[in-house]
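Residue numbers (the working numbering): 127 to 283. Below is one structure, written out as structure tokens; the observations come after it.
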């Protein structure tokens, strides 16, 4: 980080500082808000700056293809690694050639939403079929009453 020192509209110098991403907890390897998510800092061409030990998939051909197509900030991209679909969210760091990425396994990310959807669909189907089942039961009951009445009429005749 560089910050200029200006006095009386004259450049006097600069304050230079840095953040050791590996030892500070500014960025964490595992984002705790989403289980299994990984925070990655890359250059615009896909070279991993942080973490110091890049994820195994950073050397994969599918990873490189994402950056060759120019991954745009704010864009969600997906890629497949070892048979698992990964979802990648990107944000460009202004005035730098760096991008902040969040990578997460698609199944992990959407597991809870899929479970809720499945539950709500089952409840909806049950609510839709209950009146139908009740109607069939009432019609069967009416049919049995009608058949008994018919038999009674035959016996009297």
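C-beta: ideal position from N, C-alpha, C; glycine also.
Sort out for me which residues DSSP pairs residue i with in a bridge.
i           : result
residue 169 : 224
Return helix, strand or coil for residue i, following the three-state DSSP convention.
i           : result
residue 129 : strand
residue 157 : Bear in mind that a pLDDT of 46 at residue 157, under 50, signals an unreliable position, so the number given afterwards is only what the model happens to contain. Looking at residue 157 - three-state DSSP - the assignment turns out to be strand.
residue 210 : strand
residue 179 : coil
Flag this pair as yes or no: are the beta carbons of residue i and residue j separated by less than 7 Å?
i           : j           : result
residue 227 : residue 214 : yes
residue 193 : residue 172 : yes
Return yes when at least one heavy atom of the ligand MN lies under 6 Å from the C-beta of residue i, else no.
i           : result
residue 132 : No copy of the ligand MN appears in this structure; indeed no ligand is present at all.
For residue i, which of the options has the nearest alpha-carbon?
i           : options            : result
residue 233 : 267, 172, 204, 246 : 204
residue 230 : 181, 175, 137      : 181
residue 141 : 129, 135, 134      : 129
residue 216 : 139, 272, 270, 170 : 170
residue 186 : 263, 223, 251, 206 : 206
Taking all protein chains shown into account, do 16 or more other C-beta atoms lie within 10 angstroms of the C-beta of residue i, making it buried, or fewer, making it exposed?
i           : result
residue 279 : exposed
residue 131 : exposed
residue 212 : buried
residue 225 : buried
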